[in-house]
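Protein chains in written order, with our numbering: chain A, 1 to 311; chain B, 312 to 622.
The C-beta atom is built at its ideal place from N, Cα and C for all residues, glycine as well.
Heads up: the structure comes next, in structure tokens.
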């Protein structure tokens, strides 16, 4: 039997990388040969977490041959996964995002739940199967849930996420979760050596609604001014990315984690009009104040999807 | 909070009807208001099972208003569900079929597994949640798993289906499963008062592969001769259905449950050629011998899907 390659989306965040590791181990515990692969470099938050527990970072994938078995974690959309996905043998999906144009030629294993973090779902799957969770994995899974829910600040948070962290911390034994979360957020906010191009691509979702191409980037940070001060450079780079990728809209939300505020950078008048139509806020000087709209998954993407769905 | 309407596909078989009942009860036990609805009349097998345990058949739905909450069980494809699905608020899917063109504008609850019966998955979900299963429901769920796996004769059967029946029978206490299954199969085979049109539509799946429309009907029976003897009438009705529904292909497999054989009725030369290309069997007199290919889900639909995918 050939191995299942467990992969996360092209732009890896903490939840997705840890999902891949933890789900690969789940498959192995279920007697399915599996291995997690890295498609890209880690961001500073994820690197901090892995360094903290001395965990090995998964190998970089050099691509998958046609007919390789694949598991997708923390994503399901074609625009977010490996380019040759149609040639691969998709066998598993574990995710907590909306679903877009998902098709398979045979029945597969799929789990989606409307919860804050893929790792909360994986925690449930481990519990259901009575699989043991190591201390390292418990710390990693807690970190992932903290990262995706901003330690329960995000409106995507459910009681299941809270319960998962509680239960996992019986193994992980992290004394002060607020303090640990702040260390993670500060690591994530450490962007001084990053180019403007990389800053925009740090955490973005590109998705299609019919023929429309939408790019929604996020910078979750404890120091929003750092990014906002680079606005002029950022706007011109966003315009470049927009035309290169033939996007219909590109937005970049600078999310102040601790104060739960979203200031979104917009690169042209066309996009300003759409942001006004969708979110009912005027923008000025390429900035729109989206208030407490800090969850892209729940408060940005569904609204944009519905807007383009109706066009 | 509005109620979740739990529905099965347009052409209800035993597994799907019982899935709807059992999943609606699962939601209620999870403190979600829910109700199972019937979209069509029961077939003779399902009626036998419900009569046997004196269970109430779900109410007939008269359609769902826009924005009603919906749960799909035992199916996910648009061509198989209520016509106004795009206006409804899809919240749950529990299924064991391939996935086709599934899109949502928000994260939802989804469970798919590659197993013989949706009720096996529901049994697992009840176990995971430690929900009690009544004796009536245990008998219904066993009946559903028997129906979909032909009591383990179908190649879709997994060890999970076998285990689910074993565990459920600790509650149901059915003495002789083979004898009970034979009673079910005989009830299903009792087709003497059915018109040719209804015979073809007894258990069919219509599905799209891109712009191709495919119709795959099945008659699972202990008495294949009864249907095969009406071949001439059937072929002419199939031609009518094919042109009315602008189908690219229509096939009707007569599956001899006890001898595990599939004789498939084909209505014209165009379809004969495709059946030959896909399954490598010649047909004569509108009949193709598909040997032990008794599972539509595993041995017919994936092959047709791949064929049309490559066109």
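Which of the three DSSP states, helix, strand or coil, is assigned to residue 248 (chain A)? The count along the first chain starts at 1 and reaches residue 248 (chain A) at position 248. Three-state result, residue 248 (chain A): coil.
Could you work out which residue in B:444, B:512, B:607, B:506 is closest to residue 480 (chain B) when comparing CA atoms only? One-based indexing of the second chain puts residue 480 (chain B) at position 169. Ranking the options by Cα distance to residue 480 (chain B), first place goes to B:444.
Within-8 Å CB hit, residue 415 (chain B) to chain A: Taking the first residue of the second chain as 1, we reach residue 415 (chain B) at position 104. Chain A, which has a Cβ nearer than 8 Å to the Cβ of residue 415 (chain B), makes this yes.
Per DSSP, residue 206 (chain A) is paired with what? Within the first chain, numbered from 1, the residue matching residue 206 (chain A) stands at position 206. In the DSSP output, where bridge partners are listed per residue, residue 206 (chain A) has A:215.
Sequence-distant residues of its chain with Cβ nearer than 8 Å to residue 348 (chain B) (five each side left out): As a first step, residue 348 (chain B) must be located in the second chain, where it is residue number 37. Correct list, in chain order: 316, 317, 318, 331, 369, 370, 371, 372.
Taking the alpha carbon of residue 406 (chain B) as the reference point, which residue from B:447, B:616, B:320, B:559 has its own alpha carbon closest? Numbered from its first residue, the second chain carries residue 406 (chain B) at position 95. Here the closest residue by C-alpha is B:320.
Opposing strand residues paired with residue 594 (chain B) [DSSP bridges]: Reading the second chain from its first residue, position 283 is the one you call residue 594 (chain B). Paired residue(s): B:599.
Below 9 Å on C-beta distance, what does residue 8 (chain A) contact in chain B? Along the first chain, read from residue 1 onward, the residue named residue 8 (chain A) stands at position 8. Per Cβ cutoff of 9 Å: no residues; residue 8 (chain A) is ~17 Å from chain B at best.
Beta-carbon spacing of residue 507 (chain B), residue 548 (chain B) below 8 Å: One-based indexing of the second chain puts residue 507 (chain B) at position 196. One-based indexing of the second chain puts residue 548 (chain B) at position 237. Taking 8 Å as the Cβ cut-off, residue 507 (chain B) and residue 548 (chain B) qualify as a contacting pair.
Evaluate residue 215 (chain A) with the Cβ neighbour count: other Cβ atoms within 10 Å of its Cβ, from every protein chain shown; 16 or more gives buried, anything less gives exposed. Working through the first chain from its first residue, we reach residue 215 (chain A) at position 215. Classification of residue 215 (chain A): buried, given that the 10 Å Cβ count is 16 or more.
Is there a C-beta anywhere in chain B that falls below 8 Å from the one on residue 111 (chain A)? Stepping through the first chain from its first residue, residue 111 (chain A) is reached at position 111. With 8 Å as the cut-off, residue 111 (chain A) counts as an interface residue toward chain B.
Between which two residues does the alpha helix (DSSP H) holding residue 361 (chain B) run? Along the second chain, one-based indexing puts residue 361 (chain B) at 50. Looking at the DSSP string, the run of the alpha helix (DSSP H) that includes residue 361 (chain B) is 355 to 364.
Residue from B:384, B:440, B:472, B:482 whose Cα sits closest to the Cα of residue 449 (chain B): For the purposes of this step, residue 449 (chain B) is taken as residue 138 along the second chain, with counting starting at 1. Comparing Cα-Cα distances from residue 449 (chain B) to each of B:384, B:440, B:472, B:482, the minimum goes to B:482.
For a contact defined as C-beta to C-beta under 7 Å, what are the partners of residue 407 (chain B) on chain A? The count along the second chain starts at 1 and reaches residue 407 (chain B) at position 96. What residue 407 (chain B) touches in chain A: 107.
Considering only their Cβ atoms, is the gap separating residue 234 (chain A) from residue 185 (chain A) smaller than 8 Å? On the first chain, residue 185 (chain A) is found 185 positions in, with the first residue counted as 1. On the first chain, residue 234 (chain A) is found 234 positions in, with the first residue counted as 1. Cβ atoms of residue 185 (chain A) and residue 234 (chain A): not closer than 8 Å.
Do the CB positions of residue 387 (chain B) and residue 413 (chain B) come within less than 8 Å of each other? To locate residue 387 (chain B), count along the second chain from 1; it is residue 76. To locate residue 413 (chain B), count along the second chain from 1; it is residue 102. For residue 387 (chain B) and residue 413 (chain B), yes; Cβs fall inside 8 Å.
When the Cβ atoms of the segment 529 to 537 of chain B are set against those of the segment 417 to 430 of chain B, are three or more pairs found closer than 8 Å? no
Would you mind stating whether residue 561 (chain B) and residue 588 (chain B) have Cβ atoms separated by less than 8 Å? By one-based count along the second chain, residue 561 (chain B) stands at place 250. By one-based count along the second chain, residue 588 (chain B) stands at place 277. For residue 561 (chain B) and residue 588 (chain B), no; Cβs fall outside 8 Å.
Simplified DSSP state of residue 147 (chain A), which is helix, strand or coil: Locating residue 147 (chain A) in the first chain gives position 147, counting from the first residue. Reduced to three states, the DSSP call for residue 147 (chain A) is helix.
Buried or exposed for residue 543 (chain B), going by 16 or more other Cβ atoms inside 10 Å? Mapped onto the second chain, residue 543 (chain B) falls at position 232. Burial call: exposed.
Nearest-angstrom Cβ-Cβ length linking residue 150 (chain A) and residue 220 (chain A), presumed shorter than 8 Å: Here residue 150 (chain A) is taken as the residue at index 150 of the first chain, counted from 1. Here residue 220 (chain A) is taken as the residue at index 220 of the first chain, counted from 1. That pair is a contact at about 7 Å.
Only counting the same chain, and skipping five residues up and downstream in sequence, which positions put a Cβ closer than 7 Å to that of residue 74 (chain A)? Residue numbering aside, residue 74 (chain A) sits at position 74 when the first chain is read from its first letter. Excluding residues within five positions, the ones whose Cβ falls inside 7 Å are 8, 9, 15, 16, 19, 95, 118.
How about residue 522 (chain B): is its C-beta nearer than 8 Å to some C-beta of chain A? Walking along the second chain from the start, residue 522 (chain B) turns up at place 211. Output row for residue 522 (chain B): interface = no.
Where do the N-terminal and C-terminal ends of the alpha helix (DSSP H) with residue 429 (chain B) fall, by residue? The count along the second chain starts at 1 and reaches residue 429 (chain B) at position 118. 429 to 439 is the span of the alpha helix (DSSP H), which, as asked, contains residue 429 (chain B).
Residue 499 (chain B) versus B:357, B:398, B:344, B:611, residue with shortest Cα-Cα distance: One-based indexing of the second chain puts residue 499 (chain B) at position 188. When only C-alpha atoms are compared, the closest one is B:357.
Boundaries (first-last residue) of the beta strand (DSSP E) holding residue 442 (chain B): Residue numbering aside, residue 442 (chain B) sits at position 131 when the second chain is read from its first letter. Segment: none, residue 442 (chain B) is in no beta strand (DSSP E) and carries neither H nor E.
List the residues of chain B whose Cβ lies closer than 7 Å to the Cβ of residue 69 (chain A), in chain order. Residue 69 (chain A) sits at position 69 when you count from the first residue of the first chain. Within 7 Å Cβ-Cβ: nothing; residue 69 (chain A) doesn't reach chain B, min ~13 Å.
Segment limits, alpha helix (DSSP H) that includes residue 492 (chain B): On the second chain, position 181 is the one that residue 492 (chain B) refers to. Taken as a continuous stretch (DSSP letters only), the alpha helix (DSSP H) holding residue 492 (chain B) covers 488 to 500.
Which of helix, strand or coil DSSP assigns to residue 623 (chain B): Residue 623 (chain B) is absent from the structure shown; chain B starts at 312 and stops at 622.
Using the C-alpha atoms, what's the distance from residue 438 (chain B) back to residue 340 (chain B)? Here residue 340 (chain B) refers to the residue found at position 29 of the second chain. Here residue 438 (chain B) refers to the residue found at position 127 of the second chain. Approximately 13 Å, taken between the alpha carbons.
Which residues of the segment 119 to 138 of chain A have a Cβ closer than 7 Å to any Cβ of chain B? Give them in chain order. 128
Residue 607 (chain B) in three-state terms, based on DSSP: By 1-based counting over the second chain, the position of residue 607 (chain B) is 296. Three-state result, residue 607 (chain B): helix.
Can you tell me whether DSSP reads residue 532 (chain B) as helix, strand or coil? Against the second chain, residue 532 (chain B) aligns to sequence position 221. Correct three-state label for residue 532 (chain B): strand.
Quick one: what's got a C-beta closer than 6 Å to residue 491 (chain B)'s C-beta in the same chain, skipping five residues either side? As a first step, residue 491 (chain B) is located in the second chain; it is residue number 180 there, counting from the start. Only 485 meet the Cβ criterion.
Can you look up residue 399 (chain B) in the DSSP assignment and give me helix, strand or coil? Translated into the one-based positions of the second chain, residue 399 (chain B) becomes position 88. Of the three classes helix, strand and coil, the one that applies to residue 399 (chain B) here is coil, per DSSP.
Can you check whether the C-beta of residue 389 (chain B) is within less than 8 Å of a C-beta belonging to chain A? Along the second chain, one-based indexing puts residue 389 (chain B) at 78. No, its Cβ sits nowhere closer than 8 Å to a Cβ of chain A.
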